[in-house]
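S.K.: One structure, as structure tokens, below. Some questions next.
Residue numbers (UniProt numbering): 1 to 295.
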């Protein structure tokens with residue numbers, strides 16, 4: 001028993017199997033043995049773990065717009081891949097080191113900003129921080145897929161051809177940065193800084209004026225403010241989306257103007273002229289007041 005314990009490094013932790021030169025299974029910062037089969041895990045068949053994922057895989061939900069219609073939360077990035085997988089393009093906007101002061105010194109991690117879109121009405125933005133650059137980018141892509149929003153496009157002037165610009169002026173902000181998107185004529189292009197331009201292109205907007213204020217040098221806030229403005233295109237109810245108001249008769253009018261009052265009050269048969277009927281309920285009794293207007 002003691003010999004076996006000695007071979008394993010004793011009862012106080014030791015250095016793993018084989019002494020100091022062993023592989024070790026501790027919580028150190030080395031790569032370890034768990035990162036080799038990353039490609040195989042990506043090729044595995046998707047097994048959904050949420051109710052929405054199961055509905056999507058069983059083809060009960062046909063399009064991504066059905067999910068947006070009922071405001072269902074998307075918890076699995078594979079749902080986005082299922083609908084937009086072939087058309088999605090991602091781009092790393094920035095990778096920046098961030099530090100935290102600890103008792104042992106400074107701890108450095110890497111923060112990745114990733115934009116993703118299909119250039120046809122869907123765009124997302126993801127931010128992830130991790131010890132390694134590759135892990136941060138991979139996590140930011142997943143978060144960007146989960147944050148994908150639909151983009152409403154419209155016209156500047158006459159409605160000719162396909163929608164090409166934002167439907168109205170929209171404003172988004174994050175921190176001190178304020179970004180305003182303004183509709184532009186066809187052929188104008190995207191008049192903006194490089195960061196909003198990438199997001200607007202991925203959203204499928206061809207022509208747009210932009211206006212920005214605040215500390216736009218902070219790329220994270222600049223990108224988030226632009227994404228906030230793009231997501232508000234479907235939040236604003238423009239007059240062309242107003243439902244037509246159809247005026248219907250009240251229950252009193254329906255009941256007492258289609259001959260119903262004549263059955264209740266015999267005296268009403270004597271009137272052959274137009275009448276304005278007012279109904280007052282007092283102590284469970286219906287009192288009718290007839291105002292006759294002679295022809």
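Glycine included, C-beta positions come from ideal geometry on N, C-alpha and C.
Following the continuous alpha helix (DSSP H) through residue 74, name the residue where it begins and the one where it ends.
M.R.: The residue given as residue 74 occupies position 74 in the chain shown. Careful: residue 74 lies outside any alpha helix (DSSP H) and carries neither H nor E.
S.K.: According to DSSP, what are the bridge partners of residue 90?
M.R.: As a working note, residue 90 is residue 90 in the chain shown. Beta-bridge pairing links residue 90 to 116.
S.K.: Between residue 145 and residue 127, how many whole angstroms is the CB-CB distance? I'm expecting something under 8 angstroms.
M.R.: The residue labelled residue 145 in the question sits at position 145 within the chain shown. The residue labelled residue 127 in the question sits at position 127 within the chain shown. At roughly 13 angstroms, the Cβ-Cβ gap does not stay under 8 angstroms, so residue 145 and residue 127 are not in contact.
S.K.: By the DSSP assignment, the alpha helix (DSSP H) with residue 203 in it spans what residues?
M.R.: Counting from one through the chain shown, the residue named residue 203 turns up at place 203. Start and end: 194-203.
S.K.: Once you ignore the five residues that flank residue 46 on each side, which residues in its own chain have a CB closer than 6 angstroms to its CB?
M.R.: For the purposes of this step, residue 46 is taken as residue 46 along the chain shown, with counting starting at 1. 78.
S.K.: CB-CB under 6 angstroms to residue 192, same chain, minus the five flanking residues each way: which ones, in chain order?
M.R.: Taking the first residue of the chain shown as 1, we reach residue 192 at position 192. Taken in chain order, the residues that qualify are 210.
S.K.: At the level of alpha carbons, what is the spacing between residue 136 and residue 195?
M.R.: As a first step, residue 136 is located in the chain shown; it is residue number 136 there, counting from the start. As a first step, residue 195 is located in the chain shown; it is residue number 195 there, counting from the start. Between residue 136 and residue 195, the C-alpha separation is close to 20 angstroms.
S.K.: Helix, strand or coil for residue 190 per DSSP?
M.R.: Residue 190 sits at position 190 when you count from the first residue of the chain shown. Three-state result, residue 190: strand.
S.K.: Using only the alpha-carbon positions, how far apart do residue 152 and residue 228 sit?
M.R.: Within the chain shown, numbered from 1, the residue matching residue 152 stands at position 152. Within the chain shown, numbered from 1, the residue matching residue 228 stands at position 228. Using only the alpha carbons, I get a separation of about 13 angstroms.
S.K.: Tell me, to the nearest whole angstrom, how far the beta carbon of residue 170 is from that of residue 232; I am working on the premise that it is less than 8 angstroms.
M.R.: Position 170 of the chain shown, counted from the first residue, corresponds to residue 170. Position 232 of the chain shown, counted from the first residue, corresponds to residue 232. 5 angstroms between Cβ atoms; contact.
S.K.: Counting along the chain, where does the beta strand (DSSP E) carrying residue 212 start and finish?
M.R.: Within the chain shown, the letter at position 212 stands for residue 212. Per DSSP, residue 212 belongs to the beta strand (DSSP E) from 208-213.
S.K.: Identify whether residue 238 lies in helix, strand or coil by the three-state DSSP scheme.
M.R.: The residue you call residue 238 lines up with position 238 of the chain shown. Coil, per DSSP.
S.K.: What does the alpha-carbon distance come out to for the pair residue 205 and residue 164?
M.R.: On the chain shown, position 205 is the one that residue 205 refers to. On the chain shown, position 164 is the one that residue 164 refers to. Answer to the nearest angstrom: the Cα atoms are 6 angstroms apart.
S.K.: Opposite residue 174 in the DSSP bridges: which residues?
M.R.: What you label residue 174 is simply residue 174 of the chain shown in a count that begins at 1. BP columns for residue 174 point to 177.
S.K.: Would you say residue 126 lies against chain B (beta-carbon separation less than 8 angstroms)?
M.R.: Protein chain content of the structure displayed is limited to a single chain, and chain B is not contained in it.
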